[in-house]
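In my numbering, the protein residues as written are 604 to 824.
Heads up, the beta-carbon is just placed ideally off N, CA and C, and yes, glycines get one too.
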């Protein structure tokens with residue numbers, strides 16, 4: 604992940620990931636307004652978010668997503684140098700104009716459910732953050748994102764401290780900063796930032812922007 608090899612800059616990519624998460628937050632707000640109901644299932648929530656909102660032409664136009672031009676591909680394969688799928692990322696995001704200049708101008712968003720309990724908190728780290736650290740999900744410009752689908756009512760700030768304990772237990776040596784509140788979208792959003800190093804090349808640092816979305820009122824009873 605030598606950023607100097609790419610035409611697109613890390614600074615521009617940092618702005619990209621913030622705007623991408625802004626679009627996702629706007630779609631979540633629209634889901635609340637529409638009183639949308641979803642199953643307590645990560646795949647279902649992700650597909651509704653991408654298919655009915657992020658890639659819906661009417662919604663894209665209404666929320667201004669069409670103006671930025673980002674495209675969102677759910678459940679996208681990760682292809683290695685031998686052209687084999689070595690994993691799946693929840694949402695692959697790209698901008699066509701960037702792809703024309705650089706095929707690797709991609710952003711990866713990993714989604715995980717949270718309910719305030721230890722099992723999902725641990726998996727948020729093991730099945731999410733660690734996959735970026737181990738470069739199973741590549742970080743091309745120093746920034747990627749994670750979405751937390753909060754499927755039960757709980758104190759997000761207090762729960763973040765519990766997630767940080769798992770970070771310290773599982774990947775402390777590859778973490779410069781654990782999750783810390785970062786108002787990169789707006790004051791009302793539950794947004795956090797963590798910074799890590801790649802396990803294979805510890806000099807390569809990257810940022811993960813975390814957006815915690817409350818889906819608990821939408822969960823079907």
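Hey, how far is the Cα of residue i from the Cα of residue j?
i, j, result
"residue 654", "residue 624", "16 Å"
"residue 632", "residue 751", "15 Å"
"residue 679", "residue 691", "5 Å"
"residue 815", "residue 753", "7 Å"
"residue 785", "residue 774", "21 Å"
"residue 756", "residue 719", "8 Å"
"residue 727", "residue 792", "19 Å"
"residue 729", "residue 748", "15 Å"
"residue 682", "residue 643", "29 Å"
"residue 699", "residue 741", "19 Å"
"residue 637", "residue 652", "13 Å"
"residue 650", "residue 674", "14 Å"
"residue 789", "residue 617", "16 Å"
"residue 772", "residue 647", "31 Å"
"residue 823", "residue 715", "18 Å"
"residue 744", "residue 731", "18 Å"
"residue 697", "residue 738", "19 Å"
"residue 808", "residue 758", "30 Å"
"residue 779", "residue 645", "29 Å"
"residue 812", "residue 787", "9 Å"
"residue 765", "residue 797", "14 Å"
Within 10 angstroms of its Cβ, does residue i collect 16 or more other Cβ (buried), or is it exposed?
i, result
"residue 825", "This structure does not reach residue 825, given that the chain is present from 604 up to 824, and the question cannot be answered."
"residue 619", "buried"
"residue 760", "exposed"
"residue 713", "buried"
"residue 693", "buried"
"residue 722", "exposed"
"residue 767", "buried"
Whose C-beta lies closer than 7 Å to the C-beta of residue i among residues of the same chain, with five residues either side of it excluded?
i, result
"residue 725", "769"
"residue 763", "782 and 795"
"residue 695", "676, 679, 709 and 711"
"residue 622", "671"
So, at 6 Å on beta carbons, what are the nonlocal neighbours of residue i in its own chain, with the 5 sequence-adjacent residues on each side left out?
i, result
"residue 639", "821"
"residue 626", "668"
"residue 817", "753"
"residue 666", "629"
"residue 736", "774, 777, 799 and 802"
"residue 746", "616, 617, 620 and 810"
"residue 656", "630 and 662"
"residue 658", "675"
"residue 717", "723, 751 and 753"
Within the same chain, show all residues whose beta-carbon is closer than 8 Å to that of residue i, passing over the 5 residues directly before and after it, in chain order.
i, result
"residue 635", "820 and 821"
"residue 806", "800"
"residue 734", "690, 713 and 740"
Report the residue ranges of all alpha helix (DSSP H) runs contained in full by the segment 610-682; include only those spanning at least 4 residues, in chain order.
613-636, 645-650, 660-666 and 668-671
Please confirm if the segment 682-690 is in contact with the segment 645-663, defined as three or more CB-CB distances below 8 Å between the two stretches.
no
May I have a chain-ordered list of the beta strand (DSSP E) segments no shorter than 3 residues that lie completely inside the segment 755-805?
Secondary structure in the segment 755-805: the beta strand (DSSP E) runs of 3 residues or longer, each lying completely within the stretch, are 778-784 and 793-800 in chain order.
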